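What the first sequence shows, in this note's numbering, is residues 21 to 1045, in sequence order.
A short write-up of the structure that comes next.
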Amino acid sequence: MEYNFRKIEKKWRTNWEKSQLYKVDIDYNKQKYYVLDMFPYPSGAGLHVGHPLGYIASDIYARYKRLQGFNVLHPMGFDAFGLPAEQYAIQTGQHPAITTDINIRRYREQLDLLGFSFDWSREVITCDPKYYKWTQWTFIKLFKSWYDKSIEKARPIDELITIFETEGNANINAATNQTKIFSEKDWRGFNEKEQQDILMNYRLAYLSDTFVNWCPALGTVLANDEVADGYSVRGGYPVERKKMKQWLLRITAYADRLLAGLELVDWAEHIKEVQRNWIGRSEGALIRFPLKDIPDKYIEIFTTRPDTIFGVTYVCVAPESELVALITKTSEKDKVEEYIKKSLNKSERERLTDIDKKTGIFTGSYAIHPFTGEEIPIWIADYVLASYGTGAVMAVPAHDSRDYAFAKQFGLPIKEVIKGGDISKEAYEDLEGECVNSDFINGLKPAEAIQKVIEEAEKRGIGSRKVNYRLRDAIFSRQRYWGEPFPIYYKDGIPYPLDESKLPLELPPVDSYLPTEDGKPPLARAKNWKTEEGYPLETSTMPGFAGSSAYYIRYMDPNNDNELVSKQAVDYWRNVDLYIGGAEHATGHLIYARFWNKFLYDIGVVVEDEPFAKLINQGMILGRSNFVYRAKPIDFAIYKLKNILPLIFDNYELNLQNDIITVSLPHFKTYILIAKNDDIAYAQALAASLATNDNKILIINIANILLGNNLKEIIENEIKNLREREIKLIGEDITLPPIFVSKNVEGREEYTYPIHVDISLVRNDILDVEAFKKWQPEFANAHFILEGDKYICGWEVEKMSKSKYNVQNPDDVVNEYGADTLRLYEMFLGPVEQSKPWDVAGIEGVHRFLKKFWRLFFDDKDNFYLSDIEPSKDELQILHKTLKKVQEDIERYAYNTAISTFMVAVNSLQELHCNKKAILEPLTIALSPFAPFITEELWQLAGHTDSIHNAKFPIYNEKYTIDDTCTYAVSFNGKTRFTLDIDLAADEETVKKIVLSHPQSQKWLEGKEPKRVIVVKGKIVNIVV
RNA sequence: GCCCGGAUGGCGGAAUUGGUAGACGCGCUAGUUUCAGGGACUAGUACUGUCACAGGUGUGCAGGUUCGAGUCCUGUUCCGGGCACCA
């Protein structure tokens, strides 16, 4: 019987769906295991072969765990809100829900082909109101919470109000942007608006007037992780800084926990590192510099280098800082205002370029150095970031390269306080050296000085130790249509949350997906976008990461309309044991989801502080592009002539004139003009001008040069037969077809240029010439210069993209080879984490392996036959060694080596003609996570009624994994010379004796006595001569 | 500039703890076949050398540690990724 994968796979797809094989429920008799994939955004292009890489890897693990008796949760869904669908809606007027739904169905079809063990009854779709109800619900919870730093936990806002009412805010250690202190009496005296404004400074979801990343092209603000180098990550449009009122999430409250939690999770080190950088914790000190002219007022700065405080030569404030008004002297006011205006209008992009060229302006006022009492000028400069630290810095040009550049620019003093560098050339930033010119820290090492200065500052009450974070609060509103509406309404301009019973607040229909005339978001177009009481609703929507921040929780209990997740479900499933997805989410989704989870943990919804215990980032599958080489006719002709002419003439000169090649042969008083068909007239004119002085002229159509065979003879004969003053035109009157030159034809690089060719027209880098001619009309009459009888294409590894004609569609591969082959091949390519090129050629190998495996189960007459005969020791050894290796490999996610282990086993069993049930059945189970269809079919043919995917993973027997003898590598001075099989039981002395008495040893010893013999039992013998 | 990775045949990759470098697959070469072939099978395939053996050289480069280094250490080059005026 033939391995008919199409029939087999179709049969089992239906069968499994009917029997609900992959549906899971809470089962207290089994241990849970949660395997999750980052759910896809369903784009219009469908899946290409790179997408399933992670899904296959996770599916293998999920199936393996299941075979080991775990209750495996392995769900899938769709991240369906987002910009591309909305952009498409703007272009076509189609509702994004419709196109999204079409795309989801297409994705689902493609995913279904691949035989994943997803429990589709748990599917979540983020744009489904039943789902986003809980996104909105969580937002309300965030709105109604504040963060108590003294217990490192979120608490209800009502408790904060109680504290305000009883003692004001003086003793609260909260994550807040509230700076004013008030008493309980003050609180009671505030009106509703004043109270709400203060509470807003404490809420974990809050509305704030801040500088945001505004992207005019997309018509929306973006979060920091959505901006790279001043351009939007999606679409690549320029981004500006703009002050706007926006919703933010107070993720900074969790900075410390987000950092600490990284120690508890099993993630790739580089991803943790990216998150650490993103959080950007730095230890230092807050130090106050009193203002010279205004008593009791000061500038507070943050520094990580208090050891350089005696090197401060100016203080610098960000243009956005509130201090600006206070410190600007009337005399300087105009200039300062002009500078601020200019710098605030700079785009993010402009600000990032010319980092070396600093700008700034003197304010006219001075601060007092807290230790020396010196007067220090105060400047404003946009190299100081308003949003980091206090928005002001103490500038130490000698030991900070930015301050150094600024000081040089404006002629400010540079004062060395740490010995070790050469400050006449550049700032010395190292922590090595010794403090000088620094009062009480002279002679200390910088590291010690840092501590000493902080202690001293605290003693004198002028500063304190402080930890700062680079992490910013996440901007949470988007001025777009296709996202979750905020469950917020406004009463007298004050935002209030909707009552939970009103959720979900569904996305209303609008007549257009564009902003309104007066620049309001699309939701402002919706009719009756207000509460029942008539209060207007928020018109922004939530960003992409809102819906993806808690989807893994919702999978645990996806159809629960009363809770985000039931206590029972979350107690059982807890968190994700294995999470697989792309590394591009390191600073976006993976940090927001951790934050979101920690908040839900604080309010008692989830039970684990970290959502993803183990993370694997799959690499990309890159495309393997193919190229054909199209000849540049003139260059090609010149190349050919240069090869032929020397064989005929001793002396000639070759020139190029207006696309016509002229060859002058002074000896023969002859010119040869080579012209393209459409240049013949010009060539004739040219010939006429040359035809003085008795010259003979031959005009040749370039097609003859490029396509003709006996070029040499033609030229020779024609020259011979030319008469005096004759102008002769030879060659057929044909237009030059496109000419393609095979890759390894000599000199090809000189006269061709590569163009991408569709990879479906190429097999093993050999071009299907006929198919190529049909590919594009202009190539219909193409001419090919072959190698032998083949056209060989060039290739290169690039990202998969339509324009490079290198996209491989999984459906096509499944159709040609089957899903099992595709699964196996994607895993066989190399380690999951690594990016690698997709090469169609290699797929034959794994397909062949499956066919070989299949054939083991059939006899000469092609009947299914498994023998019940006891297996031999050899066979048992093959089986158990394979099982051991495969299990070890799966557990370290090294699927590529697991598959080669199977290949080795099948090759060996085939050699032994093994068809024994006791060997092949366990092997089939072990292979089933990789190739679920073929194994299920063989399992059924072997007479089993239950699915192989409910079987038990076979346990290997150590006894059969050990050989009796060992092949020792015998080396002399570390160079292996020969191998020797010796009984494994032999002790070192025996091994030594056997090796030394071997005739080969005598040869290598050359009669000398060995200086030393090293025997590593079971491995090698090294003889030092 | 800073921080992470990586570099092994014609190609993807293997070598898990310092112990036979190149498993497995592709490709290529030759052959077998009751063969339409893009089928199945057998043998070979790091480089160099030789009729064949023998030998020599080999994991980006230069050193070092070791009986022994792809693996550890130092320096260096190149490639990929992340961050980037974060005080």
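Cβ coordinates follow ideal geometry from the N, Cα and C atoms, glycine included.
From a predicted model like this one, the values you see are computed outputs, not experimental measurements.
What span of residues does the beta strand (DSSP E) with residue i cover, start to end?
i            : result
residue 673  : 673 to 677
residue 803  : 803 to 805
residue 399  : 395 to 400
residue 310  : 301 to 310
residue 92   : 91 to 93
residue 682  : 680 to 685
residue 241  : 240 to 242
residue 816  : 814 to 818
residue 1041 : 1040 to 1044
residue 379  : Per DSSP, residue 379 belongs to no beta strand (DSSP E) and is neither H nor E.
residue 267  : 260 to 269
residue 318  : 318 to 323
residue 1033 : 1032 to 1036
Residue i and residue j look like a contact to me (Cβ under 8 Å); what is the Cβ gap, rounded to whole Å?
i           : j           : result
residue 267 : residue 497 : 4 Å
residue 967 : residue 956 : 6 Å
residue 845 : residue 904 : With 8 Å as the limit, residue 845 and residue 904 do not qualify as a contact, their Cβ atoms being about 24 Å apart.
residue 841 : residue 870 : 6 Å
residue 761 : residue 649 : 5 Å
residue 477 : residue 305 : 6 Å
residue 916 : residue 851 : 6 Å
residue 163 : residue 223 : 6 Å
residue 945 : residue 971 : 5 Å
Alpha carbon to alpha carbon, what distance is there between residue j and residue i?
i            : j            : result
residue 85   : residue 953  : 18 Å
residue 638  : residue 80   : 14 Å
residue 321  : residue 312  : 16 Å
residue 745  : residue 766  : 38 Å
residue 1047 : residue 288  : With the chain represented from 21 up to 1045, any question about residue 1047 goes unanswered, as that position is not in the structure.
residue 994  : residue 1041 : 9 Å
residue 768  : residue 657  : 12 Å
residue 948  : residue 619  : 40 Å
residue 21   : residue 962  : 14 Å
residue 352  : residue 218  : 34 Å
residue 1000 : residue 779  : 49 Å
residue 271  : residue 622  : 14 Å
residue 66   : residue 795  : 23 Å
residue 951  : residue 578  : 29 Å
residue 205  : residue 269  : 30 Å
residue 216  : residue 405  : 29 Å
residue 679  : residue 752  : 19 Å
Taking the alpha helix (DSSP H) that residue i belongs to, which residues open and close that run?
i           : result
residue 123 : 116 to 133
residue 84  : 72 to 87
residue 223 : Run containing residue 223: none; DSSP gives neither H nor E here.
residue 585 : Per DSSP, residue 585 belongs to no alpha helix (DSSP H) and is neither H nor E.
residue 414 : Careful: residue 414 lies outside any alpha helix (DSSP H), inside the beta strand (DSSP E) at 412 to 415.
residue 774 : Here residue 774 belongs to no alpha helix (DSSP H); instead the beta strand (DSSP E) covers 772 to 777.
residue 868 : 863 to 875
Tell me which residues share the same chain as residue i and place their Cβ nearer than 6 Å to its Cβ, disregarding the 5 neighbours each side in the sequence.
i           : result
residue 149 : 524, 526
residue 53  : 85, 90, 92, 597
residue 88  : 973
residue 324 : 302, 304
Can you list, in chain order, the residues of its chain with a C-beta nearer than 8 Å to that of residue i? Leave out the 5 residues immediately preceding and following it.
i            : result
residue 714  : 689, 744, 745
residue 1006 : 1014
Within its chain, find whatever has a CB closer than 7 Å to the CB of residue i; leave out the 5 residues flanking it on each side and keep chain order.
i           : result
residue 799 : 758, 792, 793
Fill in: Stretch pair the stretch 294 to 311 + the stretch 377 to 391: three plus CB contacts closer than 8 Å
Look at the beta carbons and you see the stretch 294 to 311 touching the stretch 377 to 391: at least three pairs across the two are nearer than 8 Å.
Discussion item. With a threshold of 8 Å, are at least 3 pairs of Cβ atoms found where one atom belongs to the stretch 91 to 99 and the other to the stretch 143 to 158?
Written reply: Judged by Cβ distances under 8 Å, the stretch 91 to 99 makes contact with the stretch 143 to 158, as three or more pairs qualify.
Worksheet entry | Cβ contact (3+ pairs, closer than 8 Å) linking the stretch 503 to 518 and the stretch 70 to 80 | They do not touch, by the three-pair rule.
Fill in: Meets three-Cβ-pair contact criterion under 8 Å: the stretch 823 to 842 and the stretch 627 to 643
At 8 Å Cβ cutoff, the stretches touch.
Item to complete: Indicate whether the contact test is met: 3 or more Cβ pairs, each with one atom in the stretch 335 to 354 and one in the stretch 428 to 443, closer than 8 Å.
Response: Contact check between the stretch 335 to 354 and the stretch 428 to 443: fewer than three CB pairs, one atom from each, fall below 8 Å, which does not count as touching.
Item to complete: Kindly confirm or deny that the stretch 27 to 34 and the stretch 554 to 570 touch, where touching means at least three C-beta pairs closer than 8 Å.
Response: No: fewer than three Cβ pairs fall under 8 Å.
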